[in-house]
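Number of protein chains: 2
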Amino acid sequence: MLSEFQFLENLHRKYSLQKIGDDCAVLPKDSKTDLVITTDLLVEDIDFRLDWSTAKFIGHKSLAVSLSDVAAMGAKPVWSMISVGVPEKIWRTDFVDGFYEGYMNLAKKFGVELVGGDVSKTPDKIVIDSIAAGEVKKGKAILRSGAKPGDFIFVTGNLGGAAAGLKLLENGEKFENSEHKPLLLRQLAPNPQIEIGRILGEKNLATAMIDLSDGVSSDLAHLCRKSRTGAKFFRDKIPIESKILDFKSAAEDEIVFALEGGEDFELLFTVNPKKIFQLEKSIEKGQISRVGEITANTEIVELITDKQSRILEPKGFRHF
Amino acid sequence: MLSEFQFLENLHRKYSLQKIGDDCAVLPKDSKTDLVITTDLLVEDIDFRLDWSTAKFIGHKSLAVSLSDVAAMGAKPVWSMISVGVPEKIWRTDFVDGFYEGYMNLAKKFGVELVGGDVSKTPDKIVIDSIAAGEVKKGKAILRSGAKPGDFIFVTGNLGGAAAGLKLLENGEKFENSEHKPLLLRQLAPNPQIEIGRILGEKNLATAMIDLSDGVSSDLAHLCRKSRTGAKFFRDKIPIESKILDFKSAAEDEIVFALEGGEDFELLFTVNPKKIFQLEKSIEKGQISRVGEITANTEIVELITDKQSRILEPKGFRHF
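Quick note, the sequences are listed as chains A and B, same order.
So the first sequence is numbered by my numbering: it starts at 1 and just counts up by one.
So the second sequence is numbered by my numbering: it starts at 321 and just counts up by one.
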């Protein structure tokens, strides 16, 4: 069976689709600006569950995942569209009101205008398609393909929280009476890194960028494949979400949450060493961590632990 | 229970959504051009059935419904995105290949570039979200709201074919060995009126326009509500798809297919009487029919038959 990545690469080639294969498509807008645009499909019981989440959280997350793609291009989000399909039994509840409330609160926070959408009936499950668009200076969108050997690799925020939150939910944790609300919120209502993405784009600081939706091991492999490079990164440098330690079992290694768990919606980006000084001036300390370096070992991602190196297989989330 | 139209109007007001409520949102592009954009959600067993259609037809129709919305703004379609969610059992078949083949054939026909999309797993049913964008001269997008009393009402093509095709499918007709292929194709693989839409936009010929997706009785009511007008139209003038007569029962009135059946994806537009001469010069005879007139009777749509008039209730398709 073809993986979704193989399928998309075949499609890309078969129909010569030049604009597919990054977090967003980049389209010319006017003489000074490019438009970036993305679409994300979210399906009940695959991407969210009604017994784990709330209508407001699902609305928030639907927009957040697309805004994260816009941020990963170094763009400022500007407008969005949302299609929602629900079965009649859900239409009769206040789900759709709560959904739009969560969606619109996040839209308002980042000045994103909802310009369109669709409402449809489904036989059984809720489906959502989220579309977001942003603007970036002409030719300055940060692609996955721009990393060069010697570039430093950075990530925003802390990693593994969303995967740990998911594990808690899978183990029956309920949000209302949980002591682990911050971890659950990383999974249920992620906050896209709009501001850092915009700064990186505006100041031309990153050579490549991707958002962490599938998991670092997969997403860094995507970036390396597009850039025709490799990467090494240092276990000790990975900013693991500290709250994971409060609940994980002794047998579990917190690094696995950070490397293989998806949906952190942090940004991973690469920076030419010459720009490190400017980067540190532009982004507040503590918001980003330097975790590794781009290498010339095409498509080989190495994880370095106590001076030992092992090849990291991409083990993040995939649908097929 | 709120209808989908009431729900969307409430949402519109609650969040002051200025750009929602037409076939497409209109967004500024550059100093000479506006971008129009639309999204349509299609769900298996609501909008299409696998035992009635083929993967290629479903791909074709997914793009066609959105291109029809672009045409209804008087715009030229330019690019598109497509999100597809399928259960694993479908992923293992050649469905997705056939789907993209049908989609890309239509995209190629109209010079539409596929720039993005998403592939996802679903638990059970296929879901598709189709996004299309077009360009139109700045300020010249043809809205639903521009009709004035005295304007003439026109429709493109013939009406009722898609509803008749649907009825045949519901009665067990199979495409492969059908004598009614043209009617079935009206339902399974509709052809959006891109060229006429573009001409109307470019030459500034229509005061208002909508595409016929829900059925004339509903769609004309939408246009009248947005324009704060009424309309009267003449039964004798409605271009009913002649092939309906080949199969309908004696008890059935073919006008019902034309008025209440949706999915013809023809265009309904209004024209100031002063521009009729220019209209007739610009669009080949036989491609459009004059069917009625806009009136000052706000939101009252009258159907005139043998000099009798009756108020037409909107009875087209709705999800909720």
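Glycine included, every Cβ here is placed at the ideal spot set by N, Cα and C.
Because the structure is a prediction, the values reported are computed rather than measured.
Residues within the stretch 48-79 of chain A neighbouring chain B, beta-carbon criterion of under 8 Å: W79
For the beta strand (DSSP E) that Q628 (chain B) lies in, which residues bound it at each end? To locate residue 628 (chain B), count along the second sequence from 1; it is residue 308. Counting along the chain, the beta strand (DSSP E) containing Q628 (chain B) begins and ends at 628-631.
S249 (chain A) versus D214 (chain A) - alpha carbon distance: Locating residue 249 (chain A) in the first sequence gives position 249, where the first residue counts as 1. Locating residue 214 (chain A) in the first sequence gives position 214, where the first residue counts as 1. Roughly 23 Å between the two C-alpha positions.
Looking at chain A, is there any beta carbon in it that lies within less than 8 Å of the beta carbon of S440 (chain B)? In the second sequence, counting from the first residue as 1, residue 440 (chain B) sits at position 120. So yes, S440 (chain B) belongs to the interface.
Chain A partners of K412 (chain B), CB-CB under 7 Å? As a first step, residue 412 (chain B) is located in the second sequence; it is residue number 92 there, counting from the start. Looking at the sequence shown, residue 412 (chain B) is not Lys but Arg. Residues of chain A passing the Cβ test: M1.
Spatial neighbours of S629 (chain B) within its chain, please: C-beta separation below 8 Å, excluding the five flanking residues on both sides. Within the second sequence, the letter at position 309 stands for residue 629 (chain B). Cβ within range, chain order: K552, E622, L623.
Measuring CB to CB, does G550 (chain B) end up less than 8 Å from E619 (chain B)? Here residue 550 (chain B) corresponds to residue number 230 of the second sequence, with the count starting at 1. Here residue 619 (chain B) corresponds to residue number 299 of the second sequence, with the count starting at 1. Cβ distance < 8 Å, so G550 (chain B) and E619 (chain B) count as in contact.
DSSP three-state assignment for P559 (chain B), whether helix, strand or coil: In the second sequence, counting from the first residue as 1, residue 559 (chain B) sits at position 239. Coil, per DSSP.
Nearest residue (CA-CA) to D342 (chain B), options A:D211, A:G134, A:V115: Translated into positions along the second sequence, residue 342 (chain B) becomes position 22. When each option's Cα is compared against that of D342 (chain B), the closest is A:V115.
Spell out the partners DSSP gives P397 (chain B) in its beta bridges. In the second sequence, residue 397 (chain B) corresponds to position 77, counting from 1. Its beta-bridge partners are B:G454.
When DSSP labels each residue in this structure, what does M321 (chain B) get in the three-state scheme? As a first step, residue 321 (chain B) must be located in the second sequence, where it is residue number 1. The answer is coil: DSSP assigns M321 (chain B) none of H, G, I, E or B.
Could you work out which residue in B:E493, B:Q513, B:I514 is closest to L504 (chain B) when comparing CA atoms only? Stepping through the second sequence from its first residue, residue 504 (chain B) is reached at position 184. Residue B:E493 is the option with its Cα nearest to L504 (chain B).
Given that K349 (chain B) touches chain A, what residues does it touch there, using C-beta distances under 7 Å? Within the second sequence, the letter at position 29 stands for residue 349 (chain B). By Cβ distance, chain A contributes K29, D30.
Which runs of the beta strand (DSSP E) spanning at least 3 residues fall entirely within the stretch 569-612 of chain B, listed in chain order? 587-591
If I follow the unbroken beta strand (DSSP E) through V155 (chain A), where does it start and stop? Counted from its first residue, the first sequence places residue 155 (chain A) at position 155. Note, V155 (chain A): beta strand (DSSP E), 152-156.
Taking C-beta pairs closer than 8 Å, name the residues in chain A that G436 (chain B) reaches, listed in chain order. Residue mapping note: residue 436 (chain B) aligns to position 116 of the second sequence, counting from 1. The answer, in chain order, is K19, I20, C24, A25, I37, T38, T39.
With a threshold of 8 Å between beta carbons, is E324 (chain B) in contact with chain C? Note that chain C does not occur in the displayed structure, where the protein chains are A and B.
Pick from B:V398, B:P348, B:G612 that is closest to R555 (chain B), judged by C-alpha positions: On the second sequence, position 235 is the one that residue 555 (chain B) refers to. Answer by Cα proximity: B:G612.
Neighbour list for P123 (chain A) in chain B, Cβ cutoff strictly below 9 Å: Counted from its first residue, the first sequence places residue 123 (chain A) at position 123. In chain order: V363, E364, D365, I366, D444, K445.
Below-8 Å beta-carbon distance, D534 (chain B) vs any chain A residue: Taking the second sequence and counting its residues from 1, one reaches residue 534 (chain B) at position 214. D534 (chain B) is outside the set of residues whose beta carbon lies under 8 Å from a beta carbon in chain A.
Give me the Cα-Cα distance between D45 (chain A) and Q326 (chain B), rounded to the nearest whole angstrom. For the purposes of this step, residue 45 (chain A) is taken as the residue at position 45 of the first sequence. For the purposes of this step, residue 326 (chain B) is taken as the residue at position 6 of the second sequence. Rounded to the nearest angstrom, the two C-alpha atoms are 29 Å apart.
What residues match up with K441 (chain B) in a beta bridge as DSSP calls it? Stepping through the second sequence from its first residue, residue 441 (chain B) is reached at position 121. DSSP output for K441 (chain B) lists B:V406 as bridge partner(s).
Contact under 8 Å by Cβ, A55 (chain A) with L267 (chain A): Residue 55 (chain A) sits at position 55 when you count from the first residue of the first sequence. Residue 267 (chain A) sits at position 267 when you count from the first residue of the first sequence. No, Cβ-Cβ distance for A55 (chain A) and L267 (chain A) is not below 8 Å.
Per-residue DSSP class, three states only, for F415 (chain B): Residue 415 (chain B) sits at position 95 when you count from the first residue of the second sequence. Residue state, collapsed to three classes: helix.
Span of the alpha helix (DSSP H), counted from its first residue to its last, around F377 (chain B): Indexing the second sequence from 1 puts residue 377 (chain B) at position 57. It spans 375-391 - the alpha helix (DSSP H) in which F377 (chain B) sits, taken as one unbroken run.
For F364 (chain A), does the count of other Cβ atoms within 10 angstroms reach 16, so buried, or fall short, so exposed? Examination of residue 364 (chain A) is not possible in this model, given that chain A is present from 1 through 320 alone.
Step through the CB atoms of chain B and report whether any lies within less than 8 Å of the CB of E302 (chain A). Translated into the one-based positions of the first sequence, residue 302 (chain A) becomes position 302. Output row for E302 (chain A): interface = no.
Quick one: what's F234 (chain A) bridged to in DSSP? Start at 1 with the first residue of the first sequence, and residue 234 (chain A) comes out as number 234. Paired residues: A:I304.
For a contact defined as C-beta to C-beta under 7 Å, what are the partners of L11 (chain A) on chain B? Residue numbering aside, residue 11 (chain A) sits at position 11 when the first sequence is read from its first letter. Within chain B, the residues near L11 (chain A) are Y420.
Just list the residues that DSSP pairs T359 (chain B) with in beta bridges. By 1-based counting over the second sequence, the position of residue 359 (chain B) is 39. BP columns for T359 (chain B) point to B:I451.
Whole angstroms are fine: how far does the CA of G379 (chain B) sit from the CA of F567 (chain B)? By one-based count along the second sequence, residue 567 (chain B) stands at place 247. By one-based count along the second sequence, residue 379 (chain B) stands at place 59. Using only the alpha carbons, I get a separation of about 28 Å.
For F320 (chain A), go through chain B and note every residue whose CB falls closer than 8 Å to its CB, in chain order. To locate residue 320 (chain A), count along the first sequence from 1; it is residue 320. Going along chain B in sequence order, the residues near F320 (chain A) (Cβ under 8 Å) are E408, W411, V439, K441.
Pull up the DSSP beta-bridge partners for M104 (chain A), would you. For the purposes of this step, residue 104 (chain A) is identified with residue 104 of the first sequence, where counting begins at 1. For M104 (chain A), which the question treats as bridged, DSSP gives no partner whatsoever.
Give me the DSSP bridge partner(s) of E364 (chain B). Against the second sequence, residue 364 (chain B) aligns to sequence position 44. DSSP, once it has assigned bridges, lists B:F368 as partnering E364 (chain B).
Check whether the Cβ atoms of A206 (chain A) and I131 (chain A) lie closer than 8 Å to each other. To locate residue 206 (chain A), count along the first sequence from 1; it is residue 206. To locate residue 131 (chain A), count along the first sequence from 1; it is residue 131. No, these two residues do not count as a Cβ contact at 8 Å.
Cutoff 7 Å; reference K276 (chain A); Cβ partners in own chain excluding five residues on either side: Mapped onto the first sequence, residue 276 (chain A) falls at position 276. Residue 276 (chain A) is actually Ile in this sequence, not Lys. Closer than 7 Å at the Cβ level, and outside the excluded window around I276 (chain A), lie F152.
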